[in-house]
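S.K.: Quick one: the structure is below, questions incoming.
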Amino acid sequence: MRGRRRKRPDVKPCVLIVVENLPVPPDRRVWQEARALRDAGYAVVIICPRMHGHNQPDETLEGIRIYRHRIHLQAKGFAGFFLEYASALWGETRLAWRAWWRHRFQVIHLCNPPDLLFLVAWPFKLLGVRVVYDTHDLWPEMFEAKFGRGGLARDAMYRAVRLAQRLTYACADVVLATNETHRRCALEQGRKRPEAVFIVRTAPKIVQAAAAANPALKRQRRFLVGYVGVMGSADGVHHLLEAAAHLVHRLERSDIQFLLLGSGPEFERLLAQRDALGLRDFVDMPGWAGDDVLFPALATIDLGVTCDPPNGYNHSCSMNKVLEYMAFGKPQVLFDLRECRAVAGEAARYVPGQSPTALAEAIATLLDDHSARQRMGEIGARRIRQELNWDRSVEQLCRAYARVLG
0 MRGRRRKRPD VKPCVLIVVE NLPVPPDRRV WQEARALRDA GYAVVIICPR MHGHNQPDET
60 LEGIRIYRHR IHLQAKGFAG FFLEYASALW GETRLAWRAW WRHRFQVIHL CNPPDLLFLV
120 AWPFKLLGVR VVYDTHDLWP EMFEAKFGRG GLARDAMYRA VRLAQRLTYA CADVVLATNE
180 THRRCALEQG RKRPEAVFIV RTAPKIVQAA AAANPALKRQ RRFLVGYVGV MGSADGVHHL
240 LEAAAHLVHR LERSDIQFLL LGSGPEFERL LAQRDALGLR DFVDMPGWAG DDVLFPALAT
300 IDLGVTCDPP NGYNHSCSMN KVLEYMAFGK PQVLFDLREC RAVAGEAARY VPGQSPTALA
360 EAIATLLDDH SARQRMGEIG ARRIRQELNW DRSVEQLCRA YARVLG
């Protein structure tokens, strides 16, 4: 009989994962999801950008096929906004059709931001492909935090971003939410049925915390304070630099070294700010770091900092760095953010508002209290082992895929 070739019942479908804002493997959540799906028997293909040294256009890693496209990176303002997303959509669409002809995927897994990937997915949905929407961030809140509101252009763009979010929800058969705030948004803004929304928390694998410390990172100082993450306009790293200046110059804390790992659109400006504040000898900023640098650094720091300022977007985020500090048994200081508090609990010291001076004083107080640091680190590591580890997230991920293909 002519028609579609029947699938063997013992062979699971092919999944196409599309992610725009980071490549794999550096995008830890996406890479862990891909490996988990591979281990569950799925064939996995990923489309992602070329950046951070991962520039091979086509390669296979650990049995996962990866296609990478060019992207106009991190341009600023509305013109840059359009240029970046237009170039990404072109590359994603082109590679998605290549993947379709080569792999005949049955599921397309969209990882935001941005919420424009429904444009890539809709043609395949019409061909019977199922759609998973993986909400890493709430894009309208991210847009507002980055560009603000007010004025015809900004308000029009905000409405367009909100519409794109609704259309992505409408396109999705299943939604993966990183936390309860994202789940509530899917139910209320996206009008998704509760049984179609699964909380798949971003969480570290416990084995990652086995790295050995590297005392040389302390530059012969007593303490090392760490930051890990993106360095954009909404990430608050400038607050941390001002806090470091207060500690070094006003409080005369020459016993503290800072290590800021990461990069982003504000990296060069932050380097200039560091130097202008007279912190070159106290603040190391080596840029983007792979696991071979990141894990020893996390094993070495005495405390971690999350300096993202309070706003609607940051309140909705479960920060990767918060979980990574906890996985390595490190206490942390952070501005008081709703979802970060829900994750860290008593493993963190919370600073109200977004004052660099208050942040500096909280860092100094915690560094001088060894017993508190030890207790908080133990609490964080225990929460990772018992509640927030990746194995629990894999269970939810597999349940979501069972539903989308059921």
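Heads up, the sequence shown is in numbering that gives the first Met the number 0, so the first residue is 0 and it goes up one at a time.
Glycine included, each C-beta is placed from N, C-alpha and C at the ideal position.
Candidates R161, A152, R153, V199: which alpha carbon is nearest V173's?
M.R.: For the residues R161, A152, R153, V199, the minimum Cα distance to V173 belongs to V199.
S.K.: Please classify A244 as buried or exposed, where buried requires at least 16 neighbouring CB atoms within 10 angstroms.
M.R.: Classification of A244: buried, given that the 10 Å Cβ count is 16 or more.
S.K.: Nearest-angstrom Cα distance between V17 and V196?
M.R.: Their backbone Cα atoms lie some 19 Å apart in a straight line.
S.K.: Of the choices H53, A159, L240, V106, whose alpha-carbon is the least far from that of L15?
M.R.: Here the closest residue by C-alpha is V106.
S.K.: Alpha carbons only, please: which of A159, A35, F327, R337 is nearest the one belonging to R381?
M.R.: Nearest C-alpha to R381: F327.
S.K.: Look up V224 in the DSSP assignment and say whether it is helix, strand or coil.
M.R.: Note: V224 maps to strand in three-state DSSP.
S.K.: Are the stretch 352-369 and the stretch 153-162 touching by the rule of at least three beta carbon pairs closer than 8 Å?
M.R.: Judged by Cβ distances under 8 Å, the stretch 352-369 makes no contact with the stretch 153-162, as fewer than three pairs qualify.
S.K.: Using the C-alpha atoms, what's the distance from I46 back to H71?
M.R.: Distance between the alpha carbons of H71 and I46 is about 16 Å.
S.K.: Where does Q256 fall in DSSP's three states?
M.R.: Strand, per DSSP.
S.K.: How close, in whole Å, do the beta carbons of L260 and E32 come, if the pair is a contact with beta carbons under 8 Å?
M.R.: The pair is not a contact, with the Cβ atoms about 23 Å apart (cut-off 8 Å).
S.K.: May I ask whether a heavy atom of the ligand MN can be found less than 8 Å away from the beta carbon of R273?
M.R.: The model on display carries no ligand, and the ligand MN is accordingly not part of it.
S.K.: Assuming contact is defined by CB atoms lying nearer than 9 Å, are L297 and K329 in contact in what I supplied?
M.R.: In this structure, K329 lies closer than 9 Å to L297 by Cβ.
S.K.: For A176, which residues does DSSP report across the bridge?
M.R.: Beta-bridge pairing links A176 to T134, I198.
S.K.: If you draw a straight line from the alpha carbon of G277 to that of E61, how long is it in whole angstroms?
M.R.: For G277 and E61, the distance between alpha carbons rounds to 45 Å.
S.K.: Mapping the DSSP letters down to three states, classify R3 as helix, strand or coil.
M.R.: In this prediction, R3 has a pLDDT of 44, which is less than 50 and means its spatial position is unreliable; what the coordinates show is noted afterwards. Coil, per DSSP.
S.K.: From the DSSP secondary-structure annotation, give me the bridge partner or partners of Q331.
M.R.: DSSP output for Q331 lists G303, A347 as bridge partner(s).
S.K.: According to DSSP, simplified to helix, strand and coil, what is H237?
M.R.: Here H237 sits in helix by DSSP.
S.K.: Note down, in chain order, each residue of its chain lying with its Cβ closer than 8 Å to the Cβ of C306, except the 5 sequence neighbours on either side.
M.R.: The residues are Y226, D234, G235, V236, H238, L239, A242, L333, F334, L358.
S.K.: Please list, in chain order, all residues of the same chain as Q188 whose beta carbon is under 8 Å from its beta carbon, the five residues on each side excluded.
M.R.: Around Q188: Q164, R165, Y168.
S.K.: Could you name the residues of the same chain whose beta carbon sits closer than 6 Å to that of R64, not counting the 5 residues immediately before and after it, in chain order?
M.R.: Closer than 6 Å at Cβ, skipping near neighbours: V44.
S.K.: Tell me whether H53 sits in a helix, a strand or coil according to DSSP, three-state version.
M.R.: If DSSP states are grouped into helix, strand and coil, H53 belongs with the strands.
S.K.: At which residues does the alpha helix (DSSP H) containing P355 begin and terminate?
M.R.: From DSSP, the alpha helix (DSSP H) with P355 extends over 355-366.
S.K.: Anyone know if the C-beta pair for E140 and A341 falls short of 9 Å?
M.R.: No. Outside cutoff.
S.K.: Please name the residue, chosen from W138, P264, V247, that lies closest to G79 on a Cα-to-Cα basis.
M.R.: Checked all of W138, P264, V247; the closest Cα to G79 is P264.
S.K.: Once you ignore the five residues that flank P112 on each side, which residues in its own chain have a CB closer than 8 Å to its CB?
M.R.: Cβ within range, chain order: E19, N20, H135, D136, W138, M141.
S.K.: Candidates A212, T201, E345, H248: which alpha carbon is nearest K320's?
M.R.: Residue T201 is the option with its Cα nearest to K320.
S.K.: Classify C110 as helix, strand or coil using the three-state DSSP reduction.
M.R.: Strand, per DSSP.
S.K.: Could you please give the first and the last residue of the uninterrupted beta strand (DSSP E) stretch that includes I45?
M.R.: From DSSP, the beta strand (DSSP E) with I45 extends over 42-48.
S.K.: Identify which residue in Q331, V130, P48 has its Cα closest to the Cα of W375.
M.R.: Looking at the sequence shown, residue 375 is not Trp but Met. Among Q331, V130, P48, the Cα nearest to that of M375 is on Q331.
S.K.: Apply the 10 Å Cβ neighbour rule to M0 and answer buried if 16 or more other Cβ atoms are within range, or exposed otherwise.
M.R.: Its pLDDT being 38, under 50, M0 is placed unreliably in this model, and the coordinates cannot settle the point.
S.K.: Just tell me which of F294, V130, W89, V247 has its CA closest to the CA of D280.
M.R.: Comparing Cα positions, the closest option is V247.
S.K.: Of the choices P24, W121, H51, whose alpha-carbon is the least far from that of G59?
M.R.: The residue you asked about is not Gly; residue 59 is Thr in the sequence shown. If we check each option's Cα against that of T59, P24 comes out closest.
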